[in-house]
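Asker: Protein chains in written order, with the working numbering: chain F, 1 to 292; chain Y, 1001 to 1322. Note that beta-carbon positions come from the ideal geometry of N, C-alpha and C, so glycine has one too. Keep in mind that this is a model prediction, so the values were computed, not measured.
1. Does the stretch 10-26 of chain F come within contact of the stretch 212-221 of chain F, defined as at least 3 CB pairs closer than 8 Å?
2. Could you name each continuous beta strand (DSSP E) segment of 3 residues or more that falls completely within the stretch 1053-1114 of chain Y, going from the start of the chain to the end?
3. If you follow the alpha helix (DSSP H) that residue 292(F) is in, where does it begin and where does it stop?
4. Using DSSP with H/G/I as helix, E/B as strand and the rest coil, what is residue 145(F)?
5. Under 8 Å between the Cβ atoms of residue 1298(Y) and residue 1224(Y)?
6. Under 8 Å, Cβ to Cβ, is there at least one residue of chain F near residue 1109(Y)?
7. Assuming residue 208(F) is part of the beta strand (DSSP E), what are its boundary residues?
8. Got a sec, what are the start and stop residues for the beta strand (DSSP E) residue 1137(Y) sits in?
9. Apply the 10 Å Cβ neighbour rule to residue 351(F) and answer buried if 16 or more other Cβ atoms are within range, or exposed otherwise.
10. Below 7 Å CB to CB, which residues in the same chain sit around residue 10(F) once its five sequence neighbours on both sides are set aside?
11. Can you name the residues of chain Y whose CB is closer than 9 Å to the CB of residue 179(F)?
12. Strictly below 9 Å CB to CB, what residues from chain Y border residue 292(F)?
13. Distance cutoff 8 Å, beta carbons only. Does residue 114(F) sit that close to anything in chain Y?
14. In terms of alpha-carbon separation, which member of 1254(Y), 1058(Y), 1221(Y) lies closest to residue 1321(Y)?
15. Listing by chain order, which chain Y residues have their CB less than 9 Å from the CB of residue 211(F)?
16. Just the Cα atoms here: how many angstroms apart are residue 1212(Y) and residue 114(F)?
17. Identify the continuous alpha helix (DSSP H) that holds residue 4(F) and give its terminal residues.
18. Taking only the alpha-carbon atoms, compute the straight-line gap between residue 88(F) and residue 172(F) and give it to the nearest angstrom.
19. With a threshold of 6 Å on Cβ separation, who are the neighbours of residue 158(F) within its own chain once the five nearest residues in sequence on each side are excluded?
20. Give a yes or no on whether 8 Å exceeds the smallest Cβ distance from residue 1169(Y) to chain F.
21. Quickly, what does DSSP pair residue 1161(Y) with across the bridge? List them, please.
22. Which residues, taken in chain order from the stretch 1079-1105 of chain Y, show a beta carbon closer than 7 Å to some beta carbon of chain F?
23. Is residue 1174(Y) close to chain F, meaning its C-beta is less than 8 Å from at least one C-beta of that chain?
24. Run through DSSP, which three-state label would residue 119(F) get?
25. Does DSSP put residue 1243(Y) in a helix, in a strand, or in coil?
26. DSSP three-state call for residue 1121(Y): helix, strand or coil?
27. Assuming the contact rule is C-beta atoms closer than 8 Å, residue 1027(Y) and residue 1062(Y) should be a hit. Round their C-beta distance to whole Å, please.
28. Is it right to say residue 1023(Y) is buried, meaning 16 or more other beta carbons lie within 10 angstroms of its own, or is it exposed?
29. By Cβ distance, which residues of its chain are closer than 8 Å to residue 1275(Y), with the 5 residues on each side in sequence left out?
30. With DSSP collapsed to three states, give me the class of residue 92(F).
31. Can you list, in chain order, the residues of its chain with a C-beta nearer than 8 Å to that of residue 1207(Y)? Leave out the 5 residues immediately preceding and following it.
32. For the alpha helix (DSSP H) containing residue 168(F), list its first residue and its last residue.
33. If residue 250(F) sits next to residue 1079(Y), beta carbons under 8 Å apart, how far is it from one beta carbon to the other, in whole angstroms?
34. Which whole-angstrom value describes the C-beta separation of residue 272(F) and residue 256(F), a residue pair presumed to lie in contact below a C-beta threshold of 8 Å?
35. Who are the neighbours of residue 214(F) on chain Y, taking C-beta pairs under 7 Å?
36. Taking 8 Å as the CB-CB cut-off, is residue 91(F) touching chain Y?
Spelled out as structure tokens, the structure:
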């Protein structure tokens, strides 16, 4: 693996660690199987790329993408809480609606950013190569997101959210407005995911309508890989674990891309990735079993 | 545990580094395709053929070739782009718009030849179709829309309302649709759109056009091409002639198609890669378009869909299926 492929995997992995944090928040903390992320990831990319191509400041465009994601998440929450639509279905409805909305926002299926300014250009300097600069900026963003999320989950609101996920009836008995908490939790989760989409579009040359497909699968795989590597009851460690899980997943893809040396071909990529992820899931388990 | 894990990872990294450095060739070409699909595969094979004609094949010990497919996933396309940039090939050939964008976003130094991109300027791969003065050049597969409209007029002089089934999520299809919106009224015809965001929707979209159109035209839209049989079923039942833009659809039941030869365009891109391997700069090479179109006709489908093929077209056709 070359240095470019190595840092490329870190870069894409860090972007998807925002998705992993989002999925961790909805699936694990709130215990809400939210499929909206398949739509909110490209939503963030679409809003950000469209605004930048209209001449907006990249930072403002990224912030708008974050807000758009929050709206999408809140919508899923409202469908579930307000209209009593089943959780899975509420997410699916918003996800498919977002496909059309994203097309509307972009006006066409693909908005390029290759020749436009991005948040990464703002930090460009002679001393540091792009190859290292982008992962460095993303690392700062992801760490900041993690610390803020940790702090949020320790706050009164965050504790109410964790209680709602763990035992909604009990939470209601304690006076937690569980409906509102679900809406806020999903808004935050999808805002993070849209932020990931916005940063992905800026680091990879543009937004494309097809870029959301399979986001939820990658996010879940990252969460599970992270959890299997080190399981802790403490939230601070778990949020770190899912970030590492997302980056590791991208390493598996990068390794799979190099598999042609052992006679495997391009079309085998997804299979190799799946095998590597399976190994990552099974090895810690075997080790635990051997120890006990 | 974390220490062991670290060792394991170091070992893997080291092993792959060693393998990568063991395989250094004097010259190399790396090809990435966004998805695997008959037209795109034909393009890739064309690239390989043109390289082989110039002596760049596996018999040449100083040359290496690698191919990766992003399997329709943008994040994988980004990682393939990074891998290629790290491998430092002499030329990267990128097939289909998202793959080309990922590669161009990843490198401003390594020469890039794009292929099967309908609107390279709109995709910001090149500032214009002239010599770009950057590291990027390539072959656009834009179909000259006037030829397509002329075909419809020759085949169906009475047709006034033209239906188009397309995927609103595909950049290439939308580019064609926008041209049709401008050009069809100029030719005295009107456009009726039916969108099919998923392969599954193609049949329903075609059904929605029955009674409202005199013919259905489709571009090289990936959804439509994948589910062309669904379109053929509706066309045959309702006697609506189908006109396609890729010649393979004629074998599957379209009356006619005037299409690009993707294999030829692949060879064109391959020849551009050869010129770069021989020392030319991609910045001095203007983008190219497909040079020749070929007409396919299907007499059986014409009967099914109630069309008589004019002799003039039959004389022009490269292939007439019976």
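Answerer: Taking the structure as given:
1. Taking 8 Å as the limit for Cβ pairs, the verdict is that the stretch 212-221 of chain F does touch the stretch 10-26 of chain F.
2. The stretch 1053-1114 of chain Y contains these whole beta strand (DSSP E) runs: 1063-1069, 1091-1095.
3. By one-based count along the first chain, residue 292(F) stands at place 292. Unbroken run through residue 292(F): none, as it is neither H nor E.
4. Walking along the first chain from the start, residue 145(F) turns up at place 145. It is helical.
5. The sequence position of residue 1298(Y) within the second chain is 298, counting from 1. The sequence position of residue 1224(Y) within the second chain is 224, counting from 1. No. Outside cutoff.
6. In the second chain, counting from the first residue as 1, residue 1109(Y) sits at position 109. No, residue 1109(Y) does not count as interfacial toward chain F.
7. In the first chain, the residue the question calls residue 208(F) occupies position 208. In the DSSP assignment, residue 208(F) falls within the beta strand (DSSP E) that extends over 206-208.
8. Stepping through the second chain from its first residue, residue 1137(Y) is reached at position 137. Where residue 1137(Y) is concerned, the enclosing beta strand (DSSP E) stretches over 1136-1140.
9. The requested residue 351(F) is not part of the displayed model; chain F covers only 1 to 292.
10. Position 10 of the first chain holds residue 10(F). The beta carbon of residue 10(F) is closer than 7 Å to those of 135, 247 in its chain, skipping five residues each way along the sequence.
11. If you number the first chain from 1, residue 179(F) lands on position 179. Here the premise fails: no neighbours, minimum Cβ distance about 32 Å.
12. Reading the first chain from its first residue, position 292 is the one you call residue 292(F). Residues of chain Y passing the Cβ test: none, with the nearest at roughly 14 Å.
13. To locate residue 114(F), count along the first chain from 1; it is residue 114. The beta carbon of residue 114(F) falls within 8 Å of a beta carbon belonging to chain Y, placing the residue at that interface.
14. For the purposes of this step, residue 1321(Y) is taken as the residue at position 321 of the second chain. Distances from the CA of residue 1321(Y) to each of 1254(Y), 1058(Y), 1221(Y) were compared; the closest alpha carbon is that of 1254(Y).
15. Translated into the one-based positions of the first chain, residue 211(F) becomes position 211. In chain order: 1073, 1074, 1075, 1098.
16. Numbered from 1 along the second chain, position 212 holds the residue referred to as residue 1212(Y). Numbered from 1 along the first chain, position 114 holds the residue referred to as residue 114(F). In a straight line, the C-alpha of residue 1212(Y) is about 41 Å away from that of residue 114(F).
17. Here residue 4(F) refers to the residue found at position 4 of the first chain. Its alpha helix (DSSP H) spans residues 3-23.
18. The sequence position of residue 88(F) within the first chain is 88, counting from 1. The sequence position of residue 172(F) within the first chain is 172, counting from 1. So the two alpha carbons sit approximately 22 Å from each other.
19. As a first step, residue 158(F) must be located in the first chain, where it is residue number 158. These residues qualify, in order along the chain: 152.
20. Here residue 1169(Y) corresponds to residue number 169 of the second chain, with the count starting at 1. So, interface residue.
21. In the second chain, counting from the first residue as 1, residue 1161(Y) sits at position 161. 1190(Y), per the DSSP bridge assignment.
22. Taking 7 Å as the Cβ-Cβ cut-off against chain F, the residues of the stretch 1079-1105 of chain Y that qualify are 1079, 1080, 1082, 1083, 1085, 1086, 1087, 1097, 1098, 1101, 1102, 1104, 1105.
23. Mapped onto the second chain, residue 1174(Y) falls at position 174. Cβ-Cβ to chain F under 8 Å: yes for residue 1174(Y).
24. Walking along the first chain from the start, residue 119(F) turns up at place 119. Coil.
25. Position 243 of the second chain holds residue 1243(Y). Strand.
26. Mapped onto the second chain, residue 1121(Y) falls at position 121. DSSP places residue 1121(Y) in coil when its eight states are reduced to three.
27. The residue you call residue 1027(Y) lines up with position 27 of the second chain. The residue you call residue 1062(Y) lines up with position 62 of the second chain. Between residue 1062(Y) and residue 1027(Y) the Cβ distance is about 6 Å, and since that is below 8 Å, they are a contact.
28. Numbered from its first residue, the second chain carries residue 1023(Y) at position 23. Here the model assigns residue 1023(Y) a pLDDT of 48, short of 50, so the residue's position is not dependable, and the following value carries that caveat. Counting the other CB atoms within 10 Å of its CB gives residue 1023(Y) a total below 16, which places it among the exposed residues.
29. On the second chain, residue 1275(Y) is found 275 positions in, with the first residue counted as 1. The beta carbon of residue 1275(Y) is closer than 8 Å to those of 1285 in its chain, skipping five residues each way along the sequence.
30. Taking the first residue of the first chain as position 1, residue 92(F) is located at position 92. Reduced to three states, the DSSP call for residue 92(F) is helix.
31. Walking along the second chain from the start, residue 1207(Y) turns up at place 207. 1234, listed in sequence order.
32. As a position in the first chain, residue 168(F) is number 168, starting the count at 1. Unbroken alpha helix (DSSP H) run through residue 168(F): 168-173.
33. Sequence index remark: in the first chain, residue 250(F) carries index 250 (1-based). Sequence index remark: in the second chain, residue 1079(Y) carries index 79 (1-based). In this structure residue 250(F) is in contact with residue 1079(Y), their Cβ atoms being roughly 7 Å apart against a cut-off of 8 Å.
34. Locating residue 272(F) in the first chain gives position 272, where the first residue counts as 1. Locating residue 256(F) in the first chain gives position 256, where the first residue counts as 1. The pair is a contact, with the Cβ atoms about 4 Å apart (cut-off 8 Å).
35. Indexing the first chain from 1 puts residue 214(F) at position 214. Under the 7 Å cutoff, chain Y gives 1073.
36. Translated into the one-based positions of the first chain, residue 91(F) becomes position 91. Closer than 8 Å: no.
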